[in-house]
Every structure is written in C-alpha cells, then in structure tokens.
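Asks:
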Amino acid sequence: MASLEEYTLARDSIHNVEGLRRDMRRNAAGYKSDVASARLTVVQAAEIMGQDAREYLRRLSWQDRVDTPGSLRVKLGNGFAVLGVVLAEVRLAVNEMRAAAEALRDASKATAAEINTTADAVLARVAAHETVW
Amino acid sequence: MAWDKGWNFRDTAAYVTDGTNETYVLIDSYPTTRNGVTFGWAAGAQQSRDRDSTVDRRLAGINFQANNGAQSNFRVDLPSTADYIVTLALGDTAYSQGYQYWRLLDNTTVLATIDDTNGTVGDNYDDATGVNRAEADWPSQNATIQKTFASTTLNVKIGAPTAQADSSTLAHLFLSQVAAGGLSIPVAAQSYRQRRVMV
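Protein chains in written order, with the working numbering: chain D, 971 to 1103; chain S, 395 to 593.
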C-alpha cells in the first residue's frame, strides 16, 4: 500500500523521466532534420540545443530533489513499490539522461556536421523505450 | 541573448511548418521540452484540431476547451523573472465560437483576461488586447501586451468559468522576453521588439 501522496510522487516522477526520454530523442531527431531542411540555421539550432540541454538538466534536478536520502525518498520508494518499479532503475535512467544532457550542453555545435554528431550522440546515449501509441 | 518562443496549437506536427522560434502543441501535457523551453497542458480536458494548412501557419489549427465551466491550463516555464511581450491568436479559422475566454497568469496572479461574450466568427481572432482581427489582418495588425512576471511560471487558462456556448479556441501564443529581472527598457527599444514579434 502507498498513500495518495506517495503514489502521486511516483506517478509524476515516471511521467517526468519517461517524458524526458521521449523529448530528448524526438528533439535530437528534430535538430538533424531542421538543419538539413534549412528550417533552422546552424547557429539557431545550436542555441536551441543549448537551451534544451539546460531544460533537461532542470527536469532531472526535480528527480534529484525527491530521490535524495530522507523522507521524500522513502515516500517515492513506497509509491514505486506499489507500481512495481525499482527505484534503482529510475536512478540509472536519470544518470544516463544526465550524461547525455551534459554532453549536449558542452559539445561544439558550430557546423552542420557537429550538429548531426551531437544529435546522434543523444540518440545513442538515451535508449528508446516502446510506447503504446 | 533574446528569449523568443512561440507555440502553434494544432493536431498534427507536420500539418504546417513552424517558423523560427516556434513549435507546435498537440495537446502536449506538462512537462514537455521542445524548442528550448518546457511547457504543456497542466490541467483540463482540452482537444486539438487541424483546420486549414493554407492560412498563416500560426492560425492553421487549435487546441480548445469546451465552454462547459471547466478550464484548461497551459503552462510555460520562463527562463527568468522579467517583462515579456505576449502575442495571441484566440479564434478559429473554420467555425464560429460563441464565447471566448482566455486568462494570463503569473503563476497564480492574474495579469490579463479576455472575456469575449460575443465570441469570434470563423476566420477571426482576438489578439492579446482582446480586439477582434480578421484572419487576413491578424498577422500585420494584431496588438501585443507587455507584462511583468515576478515568477517563472506562466499560466494560460482557456474555457469560460461558467457554462457558455461552444469552445474557447487557442491558435497561437508567442512570448518575447524584454529584459531579465523586470528591468525597464527605453520605449523605442520596446517598439522595435514589438514590431519584430509580429513579423
């Protein structure tokens, strides 16, 4: 059993982490196609990639806040237990995405080739998960 | 660095091609990150439609909330507290809507409200000042509003708070940061930014 608060913490946590996985992969594919189609210049794409990276890290920090030793982590763990999800698996996913976001933020993005390489690195680092729709 | 972000509300991403600094909203739930910004529908039972791909890309579709007394809440996470110029298209290229309701909030503080009891006829939109613009006129004539945000949470609510006719239909929203920290800037510079937003 979990309380309503614990269940909601776990549900929103999964919504954030798995939604971020989707966003990172979709956006990475988008950078490539937007530069290839000239919808965005390299400079524009690079700026958006940097902004996206900062937003990814901000969303991951939400997970850090609830998954640090203390009462919040206990509540989160109780909620995950009801859902049958192991907290360590979520933490692993967060670490994987953080590494990808930091690499996205720090990479040189001065040419179309570098935009492609950087986007491909995100796609390689952040695993695709199946979706229902 | 300028922070200019636009959202074109519709049902299919590839229905039209968004401009620079714009992205689509297909009733994406909060939090969604795209185009360098985190946003999405945080509450409500909104729906989406593609309407006409031949009109201005910003008016090609809608997300909407039936005017049944419930409201939908679109949230944007701003990069900092600041003044922002707001551009809006509230209407529908395909159908008349008997009532349009839109409210802009700085987190929970109301900054602006459009309570259009006459609604909009087809091919017409309320701009951010609540003035009705014909579809052909909106791109060049829509007027913007400038508001100060003391928080980094922008909320837009659509849907009449009491039951009314038809739906409140959101086609386009654009935000342009004026100056971080709510600093005032010269009037001439504001005018320049406003002209640029409306291009």
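Positions of the beta carbon are idealized from the N, C-alpha and C atoms, including for glycine. All values derive from a computational prediction rather than experimental measurement.
Give the single residue among D:1097, D:1084, D:1060 whose Cα lies nearest to the Cα of residue 1070 (chain D).
Replies: Nearest option by C-alpha distance: D:1097.
Asks: I want to see whether chain D comes within less than 7 Å of residue 523 (chain S), judged by CB atoms only; does it?
Replies: By this cut-off, residue 523 (chain S) is not an interface position.
Asks: Judging by CA-CA distance, which residue of D:1066, D:1004, D:1046 is the nearest neighbour of residue 982 (chain D)?
Replies: Closest option to residue 982 (chain D), Cα to Cα, is D:1046.
Asks: Compile a chain-ordered list of the residues in the region 398-425 of chain S whose CB is closer than 7 Å to at least one CB of chain D.
Replies: For the region 398-425 of chain S, which is checked against every Cβ of chain D, the residues closer than 7 Å are 411, 414, 425.
Asks: Check each residue of the region 425-440 of chain S: if its Cβ is closer than 8 Å to any Cβ of chain D, include it; give the result in chain order.
Replies: Cβ contacts with chain D come from 425, 426, 427, 428, 429, 430, 431, 432.
Asks: So, is the C-beta of residue 396 (chain S) closer than 7 Å to a C-beta in chain D?
Replies: Chain D contact via Cβ: absent.
Asks: Does any residue of chain S bring its CB to less than 7 Å from the CB of residue 1025 (chain D)?
Replies: Yes, residue 1025 (chain D) lies at the interface with chain S (some Cβ there is under 7 Å from its Cβ).
Asks: Under 7 Å between C-beta atoms, does residue 984 (chain D) make it to chain S?
Replies: For residue 984 (chain D), the answer is no, since every Cβ of chain S falls outside 7 Å of its Cβ.
Asks: Helix, strand or coil for residue 479 (chain S), going by three-state DSSP, please let me know.
Replies: Of the three classes helix, strand and coil, the one that applies to residue 479 (chain S) here is strand, per DSSP.
Asks: Using a Cβ-Cβ distance cut-off of 7 Å, determine whether residue 1076 (chain D) contacts chain S.
Replies: Not an interface residue.
Asks: Going along the chain, which residues of its own chain have a beta-carbon closer than 7 Å to the beta-carbon of residue 526 (chain S), five neighbours each way excluded?
Replies: Excluding residues within five positions, the ones whose Cβ falls inside 7 Å are 514, 518, 520.
Asks: Determine the direct distance from the alpha carbon of residue 490 (chain S) to that of residue 467 (chain S), and round the result to whole angstroms.
Replies: Approximately 22 Å, taken between the alpha carbons.
Asks: With a threshold of 7 Å between beta carbons, is residue 1033 (chain D) in contact with chain C?
Replies: Chain labels in this structure do not include chain C; the protein chains are D and S.
Asks: What is the rounded straight-line gap between the Cα of residue 1018 (chain D) and the Cα of residue 572 (chain S)?
Replies: Approximately 19 Å, taken between the alpha carbons.
Asks: Hey, residue 558 (chain S) and residue 492 (chain S) are a contact pair by Cβ (cut 8 Å); roughly how many whole angstroms apart?
Replies: At roughly 7 Å, the Cβ-Cβ gap stays under 8 Å, so residue 558 (chain S) and residue 492 (chain S) are in contact.
Asks: For the region 987-1010 of chain D, which residues have a CB atom closer than 9 Å to at least one CB atom of chain S, in sequence order?
Replies: Going along the region 987-1010 of chain D in chain order, one finds 989, 990, 992, 993, 994, 996, 997, 1000, 1007, 1009, 1010 with a Cβ nearer than 9 Å to chain S.
Asks: Using 8 Å as the Cβ pair cut-off and three pairs as the minimum, do the region 1085-1094 of chain D and the region 435-453 of chain S touch?
Replies: Cβ pair count under 8 Å is below three, so no.
Asks: Against chain D, with Cβ distances strictly below 7 Å, would residue 585 (chain S) count as a contact?
Replies: Reliability of the predicted coordinates at residue 585 (chain S) is poor, the pLDDT of 38 falling under 50, and the value obtained from them is presented with this limitation in mind. No, residue 585 (chain S) does not count as interfacial toward chain D.
Asks: Could you check the C-alpha separation between residue 1081 (chain D) and residue 400 (chain S) for me, to the nearest Å?
Replies: Each residue's alpha carbon lies about 25 Å from the other.
Asks: Using a 10 Å radius around the Cβ and a threshold of 16 neighbouring Cβ atoms, would you call residue 1077 (chain D) buried or exposed?
Replies: Under this definition residue 1077 (chain D) is a buried residue.
Asks: Cα separation between residue 1050 (chain D) and residue 552 (chain S)?
Replies: So the two alpha carbons sit approximately 34 Å from each other.
Asks: Taking all protein chains shown into account, decide if residue 1035 (chain D) is buried (16 or more other Cβ within 10 angstroms of its Cβ) or exposed.
Replies: It is exposed - the Cβ of residue 1035 (chain D) has fewer than 16 other Cβ atoms within 10 Å.
Asks: Quick check for students: name the residue ranges of the alpha helix (DSSP H) that lie wholly in the region 532-562 of chain S, counting only runs of 4 or more.
Replies: Here the runs fully enclosed are 532-535.
Asks: Identify which residue in S:421, S:449, S:444, S:448 has its Cα closest to the Cα of residue 437 (chain S).
Replies: Minimum Cα distance to residue 437 (chain S) is reached at S:421.
Asks: For residue 987 (chain D), collect the residues of the same chain with a Cβ closer than 7 Å to its Cβ; drop the 5 residues on either side in sequence, then sort them by chain order.
Replies: Excluding residues within five positions, the ones whose Cβ falls inside 7 Å are 1033, 1060, 1063, 1064.
Asks: Taking buried to mean at least 16 other C-beta atoms within 10 Å of its own C-beta, is residue 1067 (chain D) buried or exposed?
Replies: Result: buried.
Asks: Apart from the five residues on each side of it in sequence, which residues of its chain come closer than 8 Å, Cβ to Cβ, to residue 402 (chain S)?
Replies: Cβ neighbours of residue 402 (chain S) beyond the five flanking positions: 410, 412, 416, 417, 418, 419, 451, 452, 454, 455, 565, 566.
Asks: Determine, using beta carbons only, whether residue 480 (chain S) and residue 539 (chain S) come nearer to each other than 7 Å.
Replies: Yes, Cβ-Cβ distance for residue 480 (chain S) and residue 539 (chain S) is below 7 Å.
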